[in-house]
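Asks:
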Amino acid sequence: MIIGLTGSIASGKSTVSNMLKELGYPIVDADLVARVVVEKGTKTLETIREAFGEEVISEDGTLNREELGNIIFSSPQKRKQLNDIMHPAIREEMLRQKHFLLEKGYDTIVMDIPLLFESKLQSYVDKILVVTVTEETQLNRLMARNNYSLEEATARIQSQLPLSIKEQGADAVIYNNGTLEYTKEQLQKILSLWKKE
Ligand SMILES: CC(C)(COP(=O)(O)OP(=O)(O)OC[C@H]1O[C@@H](n2cnc3c(N)ncnc32)[C@H](O)[C@@H]1O)[C@@H](O)C(=O)NCCC(=O)NCCS
Ligand SMILES: Nc1ncnc2c1ncn2[C@@H]1O[C@H](COP(=O)(O)OP(=O)(O)OP(=O)(O)O)[C@@H](O)[C@H]1O
6 MIIGLTGSIA SGKSTVSNML KELGYPIVDA DLVARVVVEK GTKTLETIRE
56 AFGEEVISED GTLNREELGN IIFSSPQKRK QLNDIMHPAI REEMLRQKHF
106 LLEKGYDTIV MDIPLLFESK LQSYVDKILV VTVTEETQLN RLMARNNYSL
156 EEATARIQSQ LPLSIKEQGA DAVIYNNGTL EYTKEQLQKI LSLWKKE
């Protein structure tokens, strides 16, 4: 079974992903893959340099993530331009990792994909698990975690589909407003239900 773990920015995907990892599930992490495909010396990083200019490259030749983030989260056109460059490379590497894990004999794999709905990847997974929080909690946690201003946090939240829409497309939803223990409890219930199916 391929579990697609999703949500929106700062809703708690990494928190749930870490719980799944502790339970022994192998994870394919789209955010991590998104970092690997733009490492220094890659073709994708070169294409980004050509499209967005030298200002998105740091002095040491690596991607200046803060600068590129400021550009793409304030412009839907620029965001689409970056997605068109990066998403095919991310998808290819994620599928490679998935096949590798299946060949190793794992029968359940978790794919942590923040943009599962936005990129219409529902058919890549068997079950969709959405981690959700209220809008207020999402905004507060995002500002606290990344030290973002209200404007920076709002721009990032608005660049994704609302959590209420994602909840409707889920096979199961974890409500992550409460304690970590409550989140883990919900996760374990969902997993045991899916195992019995
Ligand atoms: C713009 C970048 C360099 C900013 O880097 P930064 O370190 O500040 O953020 P990080 O990579 O940790 O992403 C944090 C979160 O932002 C959200 N996010 C990232 N990219 C996008 C996007 N193109 N559209 C909407 N939300 C996005 C996701 O929820 C993600 O979990 C980076 O987010 C990136 O490379 N984005 C494009 C690739 C992508 O779409 N990644 C999302 C997972 S496939
Ligand atoms: N139940 C909880 N109680 C308190 N804080 C939490 C809880 N769940 C997550 N957090 C905190 O909220 C922030 C966002 O959580 P997390 O990093 O797991 O979100 P995410 O969905 O993976 O975000 P991103 O899309 O940016 O990768 C983190 O600082 C995390 O420690």
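In this note's numbering, the protein residues as written are 6 to 202.
C-beta: ideal position from N, C-alpha, C; glycine also.
As the structure is a computational prediction, the values presented were derived from the model and not from experiment.
Using only the alpha-carbon positions, how far apart do ARG161 and LEU10 sit?
Replies: Spanning the two alpha carbons is a distance of roughly 19 Å.
Asks: Verify the CB distance criterion: does GLN127 have a CB-CB separation below 8 Å to chain B?
Replies: Any reference to chain B falls outside this structure, which holds one protein chain only.
Asks: Report back the beta-carbon spacing between GLY136 and ILE179 to the nearest angstrom; my notes put them in contact at under 8 Å.
Replies: Residue 136 is actually Val in this sequence, not Gly. With 8 Å as the limit, VAL136 and ILE179 qualify as a contact, their Cβ atoms being about 5 Å apart.
Asks: Please look up how many angstroms separate the CB atoms of THR20 and ASN181, rounded, as I've assumed it's under 8 Å.
Replies: Yes, they are in contact, since the Cβ atoms of THR20 and ASN181 sit about 7 Å apart, within 8 Å.
Asks: Check ALA177 in the structure and name its three-state DSSP category.
Replies: Residue state, collapsed to three classes: strand.
Asks: From this set, THR47, ASN152, MET99 and LEU120, which residue's C-alpha is nearest GLU71's C-alpha?
Replies: When each option's Cα is compared against that of GLU71, the closest is ASN152.
Asks: Roughly how many angstroms lie between the CA atoms of THR67 and ASP34, to the nearest whole one?
Replies: Distance between the alpha carbons of THR67 and ASP34 is about 21 Å.
Asks: Helix, strand or coil: how does DSSP classify ASP117 here?
Replies: Strand, per DSSP.
Asks: Measuring alpha carbon to alpha carbon, tell me which of MET6, GLY12 and ASP89 ends up nearest PRO167.
Replies: The option with the nearest alpha carbon to PRO167 is GLY12.
Asks: Could you tell me the boundaries of the beta strand (DSSP E) in which LYS132 lies?
Replies: Counting along the chain, the beta strand (DSSP E) containing LYS132 begins and ends at 132 to 137.
Asks: Drop a sphere of 10 angstroms on the beta-carbon of LYS18, count the other beta-carbons inside from all chains shown, and report buried for 16 or more, exposed for fewer.
Replies: Buried.
Asks: Tell me whether MET99 is buried or exposed, calling it buried when 16 or more other Cβ atoms sit within 10 Å of its Cβ.
Replies: Under this definition MET99 is a buried residue.
Asks: Is THR11 helix, strand or coil when you go by DSSP?
Replies: Looking at THR11 - three-state DSSP - the assignment turns out to be strand.
Asks: Is ASN3 near ligand 1, judged by its Cβ being under 7 Å from some heavy atom?
Replies: In the structure displayed, the chain extends from 6 to 202; residue 3 sits before or after that span and is not available.
Asks: Rounded to whole angstroms, how far is the Cβ of GLN86 from the Cβ of ALA56, which I believe are closer than 8 Å?
Replies: Confirmed, about 6 Å.
Asks: For GLY174 and ARG84, I'd like the C-alpha separation in whole angstroms.
Replies: Cα to Cα, GLY174 sits roughly 24 Å from ARG84.
Asks: For the pair the region 102 to 112 and the region 26 to 41, tell me if three or more CB-CB distances fall below 8 Å.
Replies: As far as the Cβ criterion goes, the region 102 to 112 touches the region 26 to 41, which means the pair count is three or higher.
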